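Undergrad: Take this structure first; my questions come after.
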Amino acid sequence: MKKKQPKNAGQGIRGRMPRLGEKFRIQQRTTSLYFLLWAIFTALTFSILLVGNFSQQFIVWQSYREQIARDLAENGPIIEKRILEGSPDWTGGNYSGYIRMLGRYYDVDIFILDEQGAVLFPLEPNFNPEAPEVEDSLDFSQEIKEILSNLEADGHTMYESKSEYVYASKIQLFPNADSYLYIGKPMEFMHTVSARMNLRMILISIFVLIFSFAVTSAVAGWFTNPMQEMTRKARRLAQGDFDVDFDGTNYAKEMVELAEALNFARDELSKTDRMQKELIANVSHDFKTPLTMIKGYASMIIEISGENPEKRNKHAQVIVDEADRLASLVNDVLDISKISSGLETLKLEKLDVSAYLYEIMDRFAYLRETKGYQLIAEIDEGLVTTADEGKIGQVMYNLIGNAINYTGEDKKVYVYLKRGENGTFRFSVTDTGKGIKPQEIQNIWERYYRSSETHKRPVQGTGLGLSIVKTILDKHQFHYGVESEIGKGSTFYVIFPEVLDKIQ
Ligand code: ADP
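Each residue of the sequence shown is one higher than the one before, counting from 0 in numbering that gives the first Met the number 0.
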């Protein structure tokens, strides 16, 4: 008959049993370092103890056995000789007493047996006051069989029985019957030793357990305390507390490295955080200026210049310019946040920089026509690299735009694209302006950095241009820089790796 399964068969009180994988994961999560260390330490100590105990017992047994065998091999023939010589005069003819005395002297049991295993000597069972009835109970019927089967050609044998090491030999005490000398060395001593060793092992084990608890608490604390401390601090860091300091100096090298890595992460996070705050502050400030202007001029048109077409157009133009400035600011901010946050990946393609540069320069044509700026170009043809076209266009546009903004009275800007050595080519823009002070050169690549001197510029600037250039070129891993001489002008340059197979 089919057995009825209870409804919840295989399910625990709290629902279904976790599958093996889940169980493992749960275990993984809940096994503490403390427990692991304790388990490893205890298991290790116990295995050392066990191996030590057994090997010790084995070695002691072995050497004890060898010692007994040596003693018997040495003393057996001496005892045998003395027994065959008969009891000396001073024993008063007490042969049994003499045998007992020899036994005590050599610390062995000595018996003379007949062919059936009956004890012939010592005769008097009650003679020995220490073990009066020993001989009565002795039954050598098994031993004699063993002796008989083991006896060698010379009438001697040595063997190990269950509890004794035995030296036996066939002796001729009586003319008509064979008799056998039995010398046994009991090995009970070794059993006692081994039992003591086992007891000692149990006691040591208890001690080890207590000791390993103590040691593990100390060691685990030493490991886990700094880790817990770092976890606490990392949580604070995650909540935006950049003052936390990770310290692993009093612990192992790995802890020091972990602390250093976390401190580095903290510094980077705090830098990013600071830059973000600065960016927001600067952006809001820069948004405010054109917005105020737009509002101001719009009010002026409504209130004052509305009737006067000339004034109104002038004011409306300011509004258009400021709106343009706002738009380019928004674009720059979007660009920089997209590029530096890594949201935008580079679309790397083969790019004919020579041809592309002409296109970029064309965008400045209106400045030549309206304001008399001249772009003087020397461009080597067919220079190709692998890059993101739009981004490199932005770089060249920003650098040329800056040069126009900062060039001197002659309104000349020199643009070069020259094939260089080692498979590279160099794009550079030179102006004839005031140059950049050496102490400012490092800063110009930073977001929102603007030199202290501001002047009216033909190309709109937001203070983000060079920062965008830097971010784009860093992402491409292209080499770039600036050379500048006060009073003479500046040259901004980018080194492109040349790709040799030309675009078809
Ligand atoms: P901006 O919109 O102010 O031009 P950039 O990031 O392009 O912002 O440039 C940052 C600063 O670097 C400028 O404010 C200016 O002080 C300096 N700079 C950039 N290009 C030149 C140049 N060709 N000559 C002199 N100074 C320059």
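Ideal Cβ placement from N, Cα and C applies to all residues, glycine included.
Remember, predicted model here, so these are calculated numbers, not experimental data.
(1) Entirely within the region 258 to 327 and at least 3 residues each: give me those beta strand (DSSP E) ranges in chain order.
(2) Let me check you understand the geometry: is the CB of D285 closer than 7 Å to at least one non-hydrogen atom of the ligand ADP?
(3) Quick one: using the 10 Å Cβ neighbour count with 16 as the cut-off for buried, is I77 buried or exposed?
(4) What is the DSSP secondary structure of I182, reduced to helix, strand or coil?
(5) Mapping DSSP to helix, strand and coil, what is P131?
(6) Could you check the C-alpha separation between Y250 and L356 for me, to the nearest Å?
(7) To which residues of the same chain is Y372 closer than 6 Å at the C-beta, ignoring the five residues directly before and after it?
(8) Entirely within the region 411 to 450 and at least 4 residues each: give me those alpha helix (DSSP H) ranges in chain order.
(9) Starting from G400 and walking both ways along the alpha helix (DSSP H), at which residues does that stretch end?
(10) Hey, quick one: how far does the beta strand (DSSP E) through L119 stretch, first residue to last?
(11) Checking 8 Å against the spacing of the C-beta atoms, do I494 and K436 come in under that value?
(12) According to DSSP, simplified to helix, strand and coil, what is P496?
(13) If you draw a straight line from the C-alpha of H314 to the C-alpha of F286, how long is it?
(14) If E145 and S162 are in contact, beta carbons under 8 Å, what's the gap, nearest whole angstrom?
(15) When you compare each of M200, R103, L150, S148 to Q580 by their alpha carbons, which one comes out closest?
(16) Where does T248 land, buried or exposed, given buried means 16+ other C-beta within 10 angstroms?
(17) Can you name the start and end residues of the beta strand (DSSP E) that T582 belongs to?
(18) Measuring only the C-alpha atoms, how far is E142 from G116?
(19) Classify H475 as buried or exposed, calling it buried when 16 or more other Cβ atoms lie within 10 Å of its own Cβ.
(20) Can we count N281 as close to the ligand ADP, meaning its CB is less than 7 Å from some heavy atom?
(21) Is there at least one non-hydrogen atom of the ligand ADP closer than 7 Å to the beta-carbon of G464?
(22) With hydrogens ignored, establish whether the beta-carbon of G392 is closer than 7 Å to any heavy atom of the ligand ADP.
(23) Buried or exposed: where does L347 fall if 16 or more other Cβ atoms within 10 Å of its Cβ makes it buried?
(24) Start and end of the beta strand (DSSP E) containing E380?
(25) Which of the three DSSP states is assigned to I25 in this structure?
(26) Could you check whether the Cβ of I338 sits closer than 7 Å to any heavy atom belonging to the ligand ADP?
(27) Let me check one thing: in DSSP terms, what residues is F491 bridge-paired to?
(28) Is it buried or exposed, T490, if we count other Cβ atoms within 10 angstroms and call 16 or more buried?
(29) Measuring alpha carbon to alpha carbon, tell me which residue in I170, L137, V165 is nearest D153.
(30) For the ligand ADP, is there a heavy atom less than 7 Å away from the beta-carbon of G486?
(31) Sort out for me which residues DSSP pairs A167 with in a bridge.
(32) Please classify Q87 as buried or exposed, where buried requires at least 16 neighbouring CB atoms within 10 angstroms.
(33) Could you check the C-alpha separation between P124 and M189 for me, to the nearest Å?
(34) What does the alpha-carbon distance come out to for the pair P121 and F206?
(35) Going by C-alpha distance, which of E277, F34, L261, Y97 is nearest K232?
(36) Opposite D108 in the DSSP bridges: which residues?
TA: Working from what's here:
(1) none
(2) Taking the sequence shown and counting its residues from 1, one reaches residue 285 at position 286. The answer is no for D285.
(3) Position 78 of the sequence shown, counted from the first residue, corresponds to residue 77. With fewer than 16 other Cβ atoms within 10 Å, it is exposed.
(4) Locating residue 182 in the sequence shown gives position 183, where the first residue counts as 1. If DSSP states are grouped into helix, strand and coil, I182 belongs with the strands.
(5) What you label residue 131 is simply residue 132 of the sequence shown in a count that begins at 1. Caution is warranted here: a pLDDT of 44 is assigned to P131, below 50, making its placement in the model unreliable, and the coordinate value is therefore given only provisionally. Three-state DSSP puts P131 in coil, outside helix and strand.
(6) Start at 1 with the first residue of the sequence shown, and residue 250 comes out as number 251. Start at 1 with the first residue of the sequence shown, and residue 356 comes out as number 357. Whole-angstrom Cα-Cα distance: 58 Å.
(7) Within the sequence shown, the letter at position 373 stands for residue 372. Excluding residues within five positions, the ones whose Cβ falls inside 6 Å are L366, I403, K410.
(8) Taking 4 residues as the minimum length, the alpha helix (DSSP H) runs contained wholly in the region 411 to 450 are 437 to 440, in order along the chain.
(9) For the purposes of this step, residue 400 is taken as the residue at position 401 of the sequence shown. Looking at the DSSP string, the run of the alpha helix (DSSP H) that includes G400 is 388 to 405.
(10) In the sequence shown, residue 119 corresponds to position 120, counting from 1. Looking at the DSSP string, the run of the beta strand (DSSP E) that includes L119 is 118 to 120.
(11) Looking up residue 494 in the sequence shown gives position 495. Looking up residue 436 in the sequence shown gives position 437. No, Cβ-Cβ distance for I494 and K436 is not below 8 Å.
(12) Numbered from 1 along the sequence shown, position 497 holds the residue referred to as residue 496. It is a strand residue.
(13) Here the question's residue 314 lines up with position 315 in the sequence shown. Here the question's residue 286 lines up with position 287 in the sequence shown. Taking the straight line from one Cα to the other gives about 19 Å.
(14) Locating residue 145 in the sequence shown gives position 146, where the first residue counts as 1. Locating residue 162 in the sequence shown gives position 163, where the first residue counts as 1. Wrong, their Cβ atoms sit about 13 Å apart, outside the cutoff.
(15) As shown, the chain starts at 0 and ends at 503. That puts residue 580 outside it, with no answer to give.
(16) Taking the sequence shown and counting its residues from 1, one reaches residue 248 at position 249. It is exposed - the Cβ of T248 has fewer than 16 other Cβ atoms within 10 Å.
(17) Missing from the structure shown is residue 582; the chain here goes from 0 to 503 and no further.
(18) What you label residue 142 is simply residue 143 of the sequence shown in a count that begins at 1. What you label residue 116 is simply residue 117 of the sequence shown in a count that begins at 1. Their backbone Cα atoms lie some 7 Å apart in a straight line.
(19) Looking up residue 475 in the sequence shown gives position 476. Buried, because 16 or more other Cβ atoms sit within 10 Å of the Cβ of H475.
(20) The sequence position of residue 281 within the sequence shown is 282, counting from 1. Answer for N281: no, Cβ out of range of the ligand ADP.
(21) As a first step, residue 464 is located in the sequence shown; it is residue number 465 there, counting from the start. Yes, the Cβ of G464 comes within 7 Å of a heavy atom of the ligand ADP.
(22) Counting from 1 along the sequence shown, the entry for residue 392 is found at position 393. No, the beta carbon of G392 sits no closer than 7 Å to any heavy atom of the ligand ADP.
(23) Position 348 of the sequence shown, counting from 1, holds the residue named residue 347. Classification for L347: exposed.
(24) Position 381 of the sequence shown holds residue 380. It is not in any beta strand (DSSP E) - E380 carries neither H nor E in the DSSP assignment.
(25) For this step, residue 25 is matched to residue 26 along the sequence shown. Any reading at I25 must be qualified, since the residue scores a pLDDT of 43, below 50, and its modelled position is unreliable; no value is offered.
(26) For the purposes of this step, residue 338 is taken as the residue at position 339 of the sequence shown. Incorrect: I338 has no Cβ contact closer than 7 Å to the ligand ADP.
(27) Within the sequence shown, the letter at position 492 stands for residue 491. Note: F491 sits in a beta bridge opposite V428, V481.
(28) For the purposes of this step, residue 490 is taken as the residue at position 491 of the sequence shown. Counting Cβ neighbours within 10 Å, T490 comes out buried, since at least 16 surround it.
(29) Position 154 of the sequence shown holds residue 153. Per the Cα distances, I170.
(30) Taking the first residue of the sequence shown as position 1, residue 486 is located at position 487. No, the ligand ADP has no heavy atom inside 7 Å of this Cβ.
(31) In the sequence shown, residue 167 corresponds to position 168, counting from 1. According to DSSP, A167 bridges with T156, Y181.
(32) Locating residue 87 in the sequence shown gives position 88, counting from the first residue. Reading off the sequence shown, one finds Pro at residue 87, where the question assumed Gln. By the neighbour-count rule (16 or more Cβ atoms within 10 Å), P87 is not buried but exposed.
(33) The count along the sequence shown starts at 1 and reaches residue 124 at position 125. The count along the sequence shown starts at 1 and reaches residue 189 at position 190. In this prediction, P124 scores a pLDDT of 46, lower than 50, which makes its location untrustworthy; the coordinate-derived value is nonetheless stated afterwards. Going by the C-alpha atoms only, they are around 28 Å apart.
(34) Here the question's residue 121 lines up with position 122 in the sequence shown. Here the question's residue 206 lines up with position 207 in the sequence shown. Each residue's alpha carbon lies about 51 Å from the other.
(35) The residue given as residue 232 occupies position 233 in the sequence shown. Taking only the C-alpha atoms, the option nearest K232 is L261.
(36) In the sequence shown, counting from the first residue as 1, residue 108 sits at position 109. Its beta-bridge partners are G183.
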